[in-house]
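**Q** Shown below is the structure under consideration.
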Amino acid sequence: MQRPVIDLILPTENPELEYISKKLSEIDLFSVKTYIKNIPSENQRGNILIIVSDKLLPLLKEDFYQAKFGLYVNSISFNKIKENKSSALFSDQSLHRQLLLLTEIFKKKIIVSVPYFNDEYENLIREEEKYFKNVEFFIIKTEKNNLRSINKAIQNSDVLLATPEQSIYNRQTVRGILLSSYRHQTPVIGPNEGFVTAGALASVTTSSDQYIDEIISMLTEYIQTNTLPESRHPRNFLVKVNKTVAESFRIELPSENQLHTTLEKAEK
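The numbering used here applies: residue 69 is where the sequence shown begins, and numbers increase by one.
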């Protein structure tokens, strides 16, 4: 039986993205052809399409392929396009998992502020309220790069939970947000490891190898069963904490491994 051909479309050339191509190419179940930004012409196309990053989501509108996968794409951005024959492994962690991390760190009744830009995040938080009885949510709608709204949220809560929305959490705003966090002694649970490095207290993240292993698992499931797996947040994850920030807030943190083990048990 001839191996299916995967067209892997990368948004640019860099070592991290090239590593994805290399690791996928090592799998015997399929062959991989890698392109930058654009899909190949019709007579050169393979059977399965993988696009990497939100920038390439419009390429999922191409109907030529038997199946299409988004890798490292935002869940809300992907769900908006509603393309047939498409699945995705999301770049963002589930809010449920981030809230589990938050409650495991603080272990008391707390007020958690969640500024958001996309209304879908309010819907997600409302769905989570029933699972976290010790959390009082302060949910506030904000505009792009609006530090005033985020400062208000910080001042009215015990913890700030940052969503993955780059329209409000980006290079222009992160410094001001973290400075306000220190000033008001309101720690931040970041949407990713980069935020923790910058000065957030903690976050859940997924490594490149974990992402690659999981997209290989999804591809294998499709090829072996001819059934497209459901889109999902990454199942495998790591916990990252900033010990310096914890000390400055006088917060005693369990180790990253202890937090990871606790979260894994909570999700089962």
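Glycine residues also receive a C-beta, built at the ideal position from the N, C-alpha and C atoms. Quick caveat: nothing in here was measured; it's all calculated off a predicted structure.
Rounded to whole angstroms, what's the CA-CA distance from I257 to Q70? Just pull it up for me.
**A** 47 Å
**Q** What three-state label does DSSP hand F146 in the structure shown?
**A** Correct three-state label for F146: helix.
**Q** What residues match up with K308 in a beta bridge as DSSP calls it?
**A** S271
**Q** Okay, do the segment 145 to 162 and the segment 99 to 111 touch, 3+ Cβ pairs below 8 Å being the bar?
**A** no
**Q** Starting from the Cα of L331, find the closest Cα among V141, D281, K308 and V313 and give me that residue.
**A** K308
**Q** Could you round the C-beta distance between I118 and I74 to whole angstroms and report it? I think they count as a contact, below 8 Å.
**A** 6 Å
**Q** Using the rule of at least 16 other Cβ atoms within 10 Å of the residue's Cβ for burial, across every protein chain shown, is E233 buried or exposed?
**A** buried
**Q** Are three or more beta carbon pairs between the segment 147 to 166 and the segment 294 to 308 nearer than 8 Å?
**A** Enough Cβ pairs lie closer than 8 Å, so yes.
**Q** Taking the alpha carbon of S109 as the point to measure from, which residue in R239, L127, K123 and S121 has its own alpha carbon closest?
**A** Of the candidates R239, L127, K123 and S121, L127 places its Cα closest to the Cα of S109.
**Q** Is the separation between the beta-carbon of Y199 and that of H164 shorter than 8 Å?
**A** Contact annotation: Y199 and H164 have beta-carbon atoms nearer than 8 Å.
**Q** Quick check: what's the CA-CA separation for S89 versus L229?
**A** 33 Å
**Q** Under the rule that 16 or more other beta-carbon atoms within 10 Å means buried, what is L244, buried or exposed?
**A** At residue 244 the sequence reads Gly, which differs from the Leu that was named. Exposed, by the Cβ-count rule.
**Q** Grab me the residues of A237's own chain with a C-beta within less than 6 Å of its C-beta, minus the 5 sequence neighbours each way, in chain order.
**A** It should be pointed out that residue 237 corresponds to Tyr in this sequence rather than to Ala. So the qualifying residues of the chain are A230.
**Q** Measure the C-alpha to C-alpha separation of V182 and T254 and round it to an integer number of angstroms.
**A** Rounded to the nearest angstrom, the gap between the Cα atoms of V182 and T254 is 13 Å.
**Q** According to the Cβ coordinates, are T273 and N260 closer than 8 Å?
**A** yes
**Q** Cutting at 6 Å between CB atoms, please list the residues of its own chain near Y219, excluding the five before and the five after it.
**A** Inspection of the sequence shows that residue 219 is occupied by Asn rather than by Tyr. Cβ within range, chain order: S248.
**Q** Taking only three categories from DSSP, how would you classify E190?
**A** helix
**Q** Closest to T80 by CA distance: which of S121, P322 and I116 is it?
**A** If you compare the alpha carbons of S121, P322 and I116 with that of T80, the shortest gap goes to S121.
**Q** Between A314 and L306, which are expected to be in contact by the criterion C-beta below 8 Å, what is the C-beta distance as a whole number of angstroms?
**A** So it is not a contact: roughly 17 Å between Cβ atoms.
**Q** Where in the segment 78 to 166 do unbroken runs of the alpha helix (DSSP H), each at least 4 residues long, occur, reported from the N-terminal end onward?
**A** 83 to 93 and 143 to 149
**Q** As a quick exercise: from K123, A221 and F137, pick the residue whose alpha carbon is nearest that of L288.
**A** One detail in the question is off: residue 288 reads as Thr in this sequence, not Leu. The option with the nearest alpha carbon to T288 is F137.
**Q** Helix or strand or just coil, what does DSSP make of R61?
**A** Examination of residue 61 is not possible in this model, given that the chain is present from 69 through 336 alone.
**Q** Helix, strand or coil: how does DSSP classify S285 here?
**A** helix
**Q** Return the CA-CA distance between R194 and L168, expressed in angstroms with no decimal places.
**A** 15 Å
**Q** Let me know if A334 comes out buried or exposed under the rule of 16 or more other beta-carbons within 10 Å of its beta-carbon.
**A** Result: exposed.
**Q** Of all the options N213, F132, R216 and P302, which has the alpha carbon lying nearest to the alpha carbon of N111?
**A** F132
**Q** Which residues in the same chain as Q166 place their Cβ atom closer than 8 Å to its Cβ, once the five residues preceding and following it in sequence are excluded?
**A** L229, I257, P259, S271 and V272
**Q** Assuming V203 and T171 are in contact, meaning their beta carbons sit under 8 Å apart, how far apart are those beta carbons, in whole angstroms?
**A** 7 Å
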